[in-house]
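Undergrad: Chains as they are written, first to last, in the numbering used here: chain A, 1 to 112; chain B, 1 to 140.
A virtual CB, placed ideally from N, CA and C, is assigned to each residue, including glycine.
1) Would residue 139(B) be called buried (16 or more neighbouring beta carbons within 10 Å of its own) or exposed?
2) Counting only beta-carbon separations shorter than 8 Å, does residue 61(A) have a partner in chain B?
3) Give the DSSP-derived three-state secondary structure of residue 36(B) in the structure shown.
4) At the level of alpha carbons, what is the spacing between residue 93(B) and residue 35(A)?
5) For the putative contact between residue 122(B) and residue 74(B), defined by C-beta atoms under 8 Å, what is the C-beta separation to the nearest angstrom?
6) With the cut-off set at 8 Å, would you say residue 43(B) and residue 49(A) are in Cβ contact?
7) Find the residues of chain A that neighbour residue 3(B), judging by a C-beta separation of less than 9 Å, and give them in chain order.
8) Please decide whether residue 59(B) counts as near chain A, where near means a Cβ-Cβ distance under 8 Å.
9) In whole angstroms, give me the CA-to-CA distance for residue 71(B) and residue 59(A).
10) Can you confirm whether residue 131(B), when its beta carbon is compared against all beta carbons of chain A, has any partner nearer than 8 Å?
11) Please report the distance separating the alpha-carbon of residue 37(A) from that of residue 15(B).
12) Going straight from the alpha carbon of residue 43(A) to that of residue 57(A), what length do you get?
13) Name the chain A residues whose beta carbon is nearer than 9 Å to that of residue 36(B)?
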């Protein structure tokens, strides 16, 4: 799949069912999206990039002491450390890492 | 007795079916990470054509406000050049200050080729890729 620009990419991904609207971020007002399982068929490159990005961010959070997990396992169980709930420590992270951590906290909280 | 057995079997069947449906519902519920629009733009960036990455200028509310309230100035050879209300002006510099009050419109008709090329270069810098500006040199 070839994209002309960012907006065209979002349009194409939604129309092909690889991306769906998940709501609005209450802090920034930005639209939020979920990638669906169709992404691997629609755009394998983007699927690879997204997976790599998420793994890289999660590993960085683990190495910085925000997450607990057994990195030697294929599908490790991820838990939060006290540092992940410390606003001062979280504010030191990059915007991307803060966003990833926020999503991990949301997913873990909704599983309970 | 037959009615009782029939009712019991129906109730057991309904109970088992209900449990199976709710079990599947719980198992199918996958909460996956969400991504904001700007985050997706960042992820998509490596897949865009090379030229888009460098040439795209985002039109945002702040960029429109900046365009409305500020004037872009090019300083060359101790003179300041700018476009205001569709006219190409030139003003003298006094140190780091621009003498805006004595700015004069640039008369390109009386210029030789070297000066004209210089003006076109300045105009292109001031335009910064705008397509609907009258200052397009149209020779590229």
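TA: From the atom records:
1) Confidence in residue 139(B) is poor, its pLDDT being 47 and thus under 50, which makes the residue's placement unreliable; the coordinate value appears in the next sentence. So residue 139(B) counts as exposed.
2) No - not a single Cβ of chain B is within 8 Å of the one on residue 61(A).
3) strand
4) Near 56 Å, if we compare the C-alpha coordinates of residue 35(A) and residue 93(B).
5) 5 Å
6) yes
7) Residues of chain A passing the Cβ test: none, with the nearest at roughly 46 Å.
8) With its beta carbon at least 8 Å from every one in chain A, residue 59(B) lies outside the interface.
9) 46 Å
10) Because the pLDDT of residue 131(B) is 49, which lies under 50, any placement of that residue in the model is unreliable, and the number read from its coordinates should be weighed accordingly. No, because no Cβ of chain A sits closer than 8 Å to the Cβ of residue 131(B).
11) Using only the alpha carbons, I get a separation of about 32 Å.
12) 21 Å
13) 25, 28, 30, 31, 32, 33, 99
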